[in-house]
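Peer 1:
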Amino acid sequence: MTAYSSKFKSAEPSASVKKEVRPDGTGLYFNNNGLFSENYLQHRLPEEKKDAFILEHWETEALPAFSECYEWMLSTWEEYKDILSDLDEAQLEDKWIRPILKRLGWTYEVQDRMKKRGKTQIPDYSLFADEKSYIQGKSAKTDTAYFKHVLAVADAKAMGVNLDGTGRTNSNPSYQIIRYMEDTGKTWGILTDGEYWRIYSLNSESKFSTYFEINIRKALAKRDDERFKYFFNFFRKEAFLSKGPSSQSFLDVVYKSGEQYAKEVETQLRHRAFRITQTISRGFATQYSDLTEENLNEIYQHSLYYLFRLMFILNAEAKGIFDVNDLSDFFPSSLRSLALDLKKDFEIGRKWSAQNKSYQHISELMALLEKGDKSIGVFTLGSEVFSSGSKDYFKRHSIPDSALNPAIVELACAYDEGGDLKFIDYKRLSPDHLGSLFEGLLDYKLVRATERLVDDGKKIRPWKELTEQKKLKLKDALIEKGELFLENGSGSRKDTGSYYTLSDFLDLCQAIS
Amino acid sequence: MKQLGKILWWDRRDKEGVITDSQGCEFYFNASVFPDHARLKPLEGRFVQFSLNEEVTHTKCAKSVALVPGDSVSKAKKTFESSKLSNPAESAA
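Chains S and F, in that order, give the protein sequences. Counting with this note's numbering, you get residues 2 to 514 for the letters of the first sequence. Counting with this note's numbering, you get residues 2 to 94 for the letters of the second sequence.
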């Protein structure tokens with residue numbers, strides 16, 4: 002991920018990459034529910050050319066086990082697919098799940114019993130790297146010693162059982178697998194109903210609802226090795242084995258990439274949020290005939306609220322709270338849909354006018370989310386959601402497309418390492434990540450330049466102080482006399498909490514996480 | 002313009018799927034453009050008529066998806082197979 006630049010860069014994907022994404026840009030052949038970095042899954046893994054560790058875990062051409070597993074699954078699925086959902090859990094495990102575990106390289110024990118907190122826990126499968134560790138485990142004297150030899154635990158359900166149950170009891174499969182992982186001290190666990198295969202991690206903040214999932218039906222509809230790799234490479238034994246000097250498994254490495262991605266995005270967004278707020282403020286300011294200090298405060302306050310709302314919606318849409326795949330229903334009203342169009346405009350260098358079409362779109366979207374509309378699958382968020390600031394303010398004012406559109410692109414997208422403009426994976430950002438972005442903005446105030454100034458990346462300084470060479474270098478950062486910009490303030494807002502919407506924001510994000 | 006396709010897979014939980022045309026091109030679609038989705042199970046291999054959703058350009062999407070009526074399935078099958086044959090390179094792939 003590289004720093005955002007307003008200059009146009011080619012966003013053409015590399016020719017070798019097959020685009021298998023939904024309209025919202027998420028991968029179609031895996032469902033990454035916040036566990037890993039979406040960009041890493043979609044691009045880094047299939048495009049990696051140098052990293053020996055990744056290549057070893059991703060390239061399957063020379064692996065007989067890959068073809069053997071895929072061919073067995075293709076032929077067995079073809080033969081049994083119409084009856085698998087009629088089998089009970091034990092029958093499904095016998096005909097389908099256990100043969101797959103074996104072909105993924107696992108040695109396993111079934112229904113190990115262990116006492117924890119006065120209850121007997123019985124994970125369906127304790128997964129071992131090989132027979133040797135299985136035998137070593139079996140000779141262990143205690144549960145703790147036994148599970149030290151286990152790489153991961155797995156649980157199986159009958160096909161069609163909802164893996165996202167409700168409540169914190171063992172009747173909720175996602176709760177159950179996390180309990181098994183916690184009780185056995187295993188970081189990684191597998192949960193499956195034979196069709197949907199999930200990986201969970203204890204490292205994740207929202208561990209019950211964060212997972213990586215494959216619907217095997219998709220990869221078995223026709224032979225396509227690239228699609229099947231997302232199953233085989235993630236669920237096979239080798240993905241869980243720690244290796245190399247850093248003693249990390251493939252899953253650890255991919256998980257860390259997601260953590261790294263979230264941190265990088267947060268850092269980038271922290272820098273950009275400053276610029277985006279400045280752009281939004283300038284947009285609102287175009288409708289003021291007089292910019293008194295009171296007006297500037299009002300503009301800045303409402304610009305922060307506006308940014309807050311945009312980020313909340315991007316987060317909610319990315320998490321699937323609102324179905325941005327819904328092509329004919331919610332999708333046209335979504336922020337994702339607007340951002341997609343603006344991204345396209347940006348990539349071809351289209352100029353935006355002083356009309357306020359995007360502002361109108363977002364105002365209507367906010368009204369829709371407040372009220373809800375069952376006919377298009379949108380539940381109401383209630384009137385509290387967008388209650389910060391004066392409602393009247395957002396009705397009386399607007400932001401021209403020329404100011405708002407670049408701000409939306411900058412907020413929704415970032416350039417990846419290959420120079421491609423990609424949507425930021427907001428679902429990978431936790432409420433803490435998003436909340437910290439706001440904190441950085443609380444120390445600023447909106448002021449009008451009384452002379453030509455420049456933002457040299459460290460501080461705002463008079464333009465006239467620059468050498469000619471520096472002026473040439475920093476001409477894009479010039480702030481003209483009379484133009485609005487953000488200046489580091491005293492931090493009084495943070496102290497008084499007068500603009501502070503962080504806790505509201507976090508509550509909202511937690512509610513949807 | 003309506004095209005003829007076959008459902009490659011349908012995800013019952015997420016209510017989304019992929020249609021393949023006789024040339025092997027694949028089109029994403031979901032329940033919102035496929036009111037028939039609850040009518041028959043399984044949906045894989047069923048012939049459908051659909052239009053290209055031109056509003057989405059970064060990935061191929063279908064809209065106005067409808068199952069080919071029972072009495073027209075054999076005709077649809079013939080049409081689908083003959084278009085496949087008229088493009089031998091694709092059929093071979």
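Glycine is no exception: its CB is placed at the ideal position from the N, C-alpha and C atoms. Owing to the predicted nature of the structure, the values given are computational and were not obtained by experimental measurement.
1. To the nearest angstrom, how far is it from the Cα of residue 180/S to the Cα of residue 146/S?
2. In chain order, what residues of the same chain lie with their CB nearer than 7 Å to the CB of residue 153/S, ignoring the 5 residues before and after it?
3. Give the DSSP bridge partners of residue 188/S, in chain order.
4. From the DSSP output, which residues share a beta bridge with residue 199/S?
5. Would you mind sorting residue 163/S into buried or exposed? The rule is 16 or more other CB atoms within 10 Å of its CB.
6. Using the three-state DSSP reduction, which class does residue 340/S fall into: helix, strand or coil?
7. How would you label residue 74/S, buried or exposed, when you count the other beta carbons within 10 angstroms and need 16 or more for buried?
8. If you measure from the beta carbon of residue 82/F to each beta carbon in chain S, is any gap under 9 Å?
9. For residue 171/S and residue 274/S, what's the separation of their Cα atoms in angstroms?
10. Under a Cβ-count criterion, where at least 16 other Cβ atoms within 10 Å of its own Cβ denotes burial, should residue 307/S be classed as buried or exposed?
11. Between which two residues does the beta strand (DSSP E) holding residue 284/S run?
12. Which of the three DSSP states, helix, strand or coil, is assigned to residue 463/S?
13. Name the chain S residues whose beta carbon is nearer than 8 Å to that of residue 9/F?
14. Can you tell me the Cβ-Cβ gap for residue 348/S and residue 412/S, rounded? I've got them flagged as a contact below 8 Å.
15. Can you grab the Cα-Cα spacing for the pair residue 196/S / residue 218/S, in whole Å?
16. Over what stretch of residues does the beta strand (DSSP E) that includes residue 1/S continue unbroken?
17. Interface residues of chain F around residue 22/S at Cβ under 8 Å?
18. Evaluate residue 255/S with the Cβ neighbour count: other Cβ atoms within 10 Å of its Cβ, from every protein chain shown; 16 or more gives buried, anything less gives exposed.
19. Just to confirm the assignment: which complete alpha helix (DSSP H) runs, minimum length 4, are found wholly within the region 401–455 of chain S?
20. Once the 5 residues before and after residue 193/S are set aside, which same chain residues still bring their CB inside 6 Å of it?
21. Strictly under 9 Å for the Cβ-Cβ distance: is residue 12/F near chain S by that measure?
22. First and last residue of the beta strand (DSSP E) that includes residue 136/S?
23. May I ask you to report which of helix, strand or coil DSSP gives residue 102/S?
24. Residue 2/F: buried (16+ other C-beta within 10 angstroms of its C-beta) or exposed?
25. Looking only at its own chain, which residues have a Cβ that is under 6 Å from the Cβ of residue 484/S, when we skip the five neighbours before and after it?
26. According to the Cβ coordinates, are residue 30/S and residue 212/S closer than 9 Å?
27. Quick check: what's the CA-CA separation for residue 32/F versus residue 77/S?
28. Run through chain F and tell me which residues come within less than 9 Å of residue 29/S, C-beta to C-beta.
29. Please decide whether residue 45/F counts as near chain S, where near means a Cβ-Cβ distance under 9 Å.
30. Quick one: list the residues of chain F neighbouring residue 219/S, beta-carbon separation under 8 Å, in chain order.
31. Counting only runs that start and end within the region 345–383 of chain S, where is the alpha helix (DSSP H) found for 4 or more residues in a row?
32. Can you find a CB in chain F that lies within less than 9 Å of the CB of residue 339/S?
33. Comparing alpha-carbon positions, which option in 279/S, 70/S and 91/S lies nearest residue 101/S?
34. Is any beta-carbon of chain F found at less than 9 Å from that of residue 26/S?
35. Whose C-alpha, out of 455/S, 85/S and 339/S, is nearest the C-alpha of residue 159/S?
36. Does DSSP put residue 107/S in a helix, in a strand, or in coil?
Peer 2: Once the coordinates are examined:
1. Locating residue 180/S in the first sequence gives position 179, where the first residue counts as 1. Locating residue 146/S in the first sequence gives position 145, where the first residue counts as 1. Using only the alpha carbons, I get a separation of about 18 Å.
2. Mapped onto the first sequence, residue 153/S falls at position 152. Correct list, in chain order: 128, 187, 189, 190, 191 and 241.
3. Translated into positions along the first sequence, residue 188/S becomes position 187. Paired residue(s): none; residue 188/S is not in a bridge.
4. The residue labelled residue 199/S in the question sits at position 198 within the first sequence. Residue 199/S pairs with 192/S and 214/S.
5. Reading the first sequence from its first residue, position 162 is the one you call residue 163/S. Residue 163/S is exposed by the Cβ-count criterion.
6. One-based indexing of the first sequence puts residue 340/S at position 339. It is helical.
7. For this step, residue 74/S is matched to residue 73 along the first sequence. Buried.
8. Mapped onto the second sequence, residue 82/F falls at position 81. So, not an interface residue.
9. Counted from its first residue, the first sequence places residue 171/S at position 170. Counted from its first residue, the first sequence places residue 274/S at position 273. Those two C-alpha atoms are separated by around 43 Å.
10. Position 306 of the first sequence, counting from 1, holds the residue named residue 307/S. Buried, because 16 or more other Cβ atoms sit within 10 Å of the Cβ of residue 307/S.
11. For the purposes of this step, residue 284/S is taken as the residue at position 283 of the first sequence. Careful: residue 284/S lies outside any beta strand (DSSP E), inside the alpha helix (DSSP H) at 251–286.
12. Indexing the first sequence from 1 puts residue 463/S at position 462. Three-state result, residue 463/S: strand.
13. The residue given as residue 9/F occupies position 8 in the second sequence. Here the neighbours are 222 and 223.
14. As a position in the first sequence, residue 348/S is number 347, starting the count at 1. As a position in the first sequence, residue 412/S is number 411, starting the count at 1. Not really, about 16 Å apart at Cβ, beyond 8 Å.
15. On the first sequence, position 195 is the one that residue 196/S refers to. On the first sequence, position 217 is the one that residue 218/S refers to. Each residue's alpha carbon lies about 6 Å from the other.
16. The structure shown has nothing for residue 1/S, since chain S only spans 2 to 514.
17. As a first step, residue 22/S is located in the first sequence; it is residue number 21 there, counting from the start. The contacting residues are 59 and 60.
18. Start at 1 with the first residue of the first sequence, and residue 255/S comes out as number 254. When all chains shown are included, residue 255/S counts as buried.
19. 402–413 and 432–442
20. In the first sequence, the residue the question calls residue 193/S occupies position 192. Cβ neighbours of residue 193/S beyond the five flanking positions: 157.
21. In the second sequence, counting from the first residue as 1, residue 12/F sits at position 11. Yes, because at least one Cβ of chain S sits closer than 9 Å to the Cβ of residue 12/F.
22. Residue 136/S sits at position 135 when you count from the first residue of the first sequence. Not the beta strand (DSSP E): residue 136/S falls in the alpha helix (DSSP H), residues 132–139.
23. Within the first sequence, numbered from 1, the residue matching residue 102/S stands at position 101. Here residue 102/S sits in helix by DSSP.
24. Taking the second sequence and counting its residues from 1, one reaches residue 2/F at position 1. Exposed: under 16 other Cβ atoms inside 10 Å.
25. The sequence position of residue 484/S within the first sequence is 483, counting from 1. Counting only Cβ-Cβ distances below 6 Å, and skipping sequence neighbours, we find 450.
26. In the first sequence, residue 30/S corresponds to position 29, counting from 1. In the first sequence, residue 212/S corresponds to position 211, counting from 1. Not a contact, by the Cβ cut-off of 9 Å.
27. The residue you call residue 32/F lines up with position 31 of the second sequence. The residue you call residue 77/S lines up with position 76 of the first sequence. Spanning the two alpha carbons is a distance of roughly 28 Å.
28. The residue given as residue 29/S occupies position 28 in the first sequence. Result: 17, 19, 29 and 60.
29. In the second sequence, the residue the question calls residue 45/F occupies position 44. So, interface residue.
30. Here residue 219/S is taken as the residue at index 218 of the first sequence, counted from 1. Per Cβ cutoff of 8 Å: 10, 12 and 19.
31. 358–372
32. Counted from its first residue, the first sequence places residue 339/S at position 338. Not one chain F Cβ lies under 9 Å of residue 339/S.
33. Position 100 of the first sequence holds residue 101/S. Out of 279/S, 70/S and 91/S, 70/S has the C-alpha closest to the C-alpha of residue 101/S.
34. Position 25 of the first sequence holds residue 26/S. Chain F, which has a Cβ nearer than 9 Å to the Cβ of residue 26/S, makes this yes.
35. For the purposes of this step, residue 159/S is identified with residue 158 of the first sequence, where counting begins at 1. If we check each option's Cα against that of residue 159/S, 85/S comes out closest.
36. Locating residue 107/S in the first sequence gives position 106, where the first residue counts as 1. In this structure, residue 107/S counts as coil in the three-state DSSP scheme.
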